[in-house]
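Asker: Residue numbers (my numbering): 171 to 325.
Don't be surprised by glycine CBs; every beta carbon is placed ideally from N, CA and C.
Please read all numbers here as calculations on a predicted model, not as lab measurements.
Supplied in structure tokens, the structure appears directly below.
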């Protein structure tokens with residue numbers, strides 16, 4: 171999984187392209203995707219298709235309160251956020267990326283991996299700092315069960 175940080179993103183798409191091409195999973199937020207592509211704001215599905223030009227893996231874009239999206243080049247999925255109070259967003263993207271990757275490693279499909287990422291980010295934003303709300307496996311599974319009605323859907 172490649173979830174570039176601020177310093178990597180500053181290097182630009184030309185420098186990151188070889189890393190993206192070698193990645194199995196590439197995850198950025200919407201603003202980062204637009205910055206990398208040096209484009210005007212556009213719908214996330216279009217951004218995903220533009221990024222697919224740089225690799226063959228799974229591409230994921232998070233879009234804050236608008237949820238998250240992923241594509242494998244054939245289908246695009248979208249998952250809403252889980253309802254809850256937001257205290258601070260620090261660590262939401264990193265926690266999403268970690269749980270998304272974990273789900274894939276556990277054999278889950280992309281749609282379910284979006285839910286895992288969403289669950290972890292949902293918890294983290296309810297606390298101050300990037301680590302206070304991190305869920306262990308049991309808590310993650312309880313959260314997924316609690317929000318079973320929120321499912322990723324093909325768009």
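So if DSSP puts residue 230 in a beta bridge, which residue, or which two residues, is it bridged to?
Answerer: 197 and 240, per the DSSP bridge assignment.
Asker: Are the Cβ atoms of residue 195 and residue 228 separated by less than 8 Å?
Answerer: yes
Asker: Report the residue from 178, 223 and 290 whose alpha carbon sits nearest the alpha carbon of residue 273.
Answerer: Among 178, 223 and 290, the Cα nearest to that of residue 273 is on 290.
Asker: Of the residues 224, 319, 200 and 212, which one's Cα is nearest the Cα of residue 237?
Answerer: 200
Asker: Classify residue 202: buried if its beta carbon has 16 or more other beta carbons within 10 angstroms, exposed otherwise.
Answerer: buried
Asker: Once you ignore the five residues that flank residue 224 on each side, which residues in its own chain have a CB closer than 7 Å to its CB?
Answerer: 187, 190 and 191
Asker: Let me check understanding here. Comparing Cα to Cα, which of 240, 178 and 275 lies closest to residue 325?
Answerer: 240
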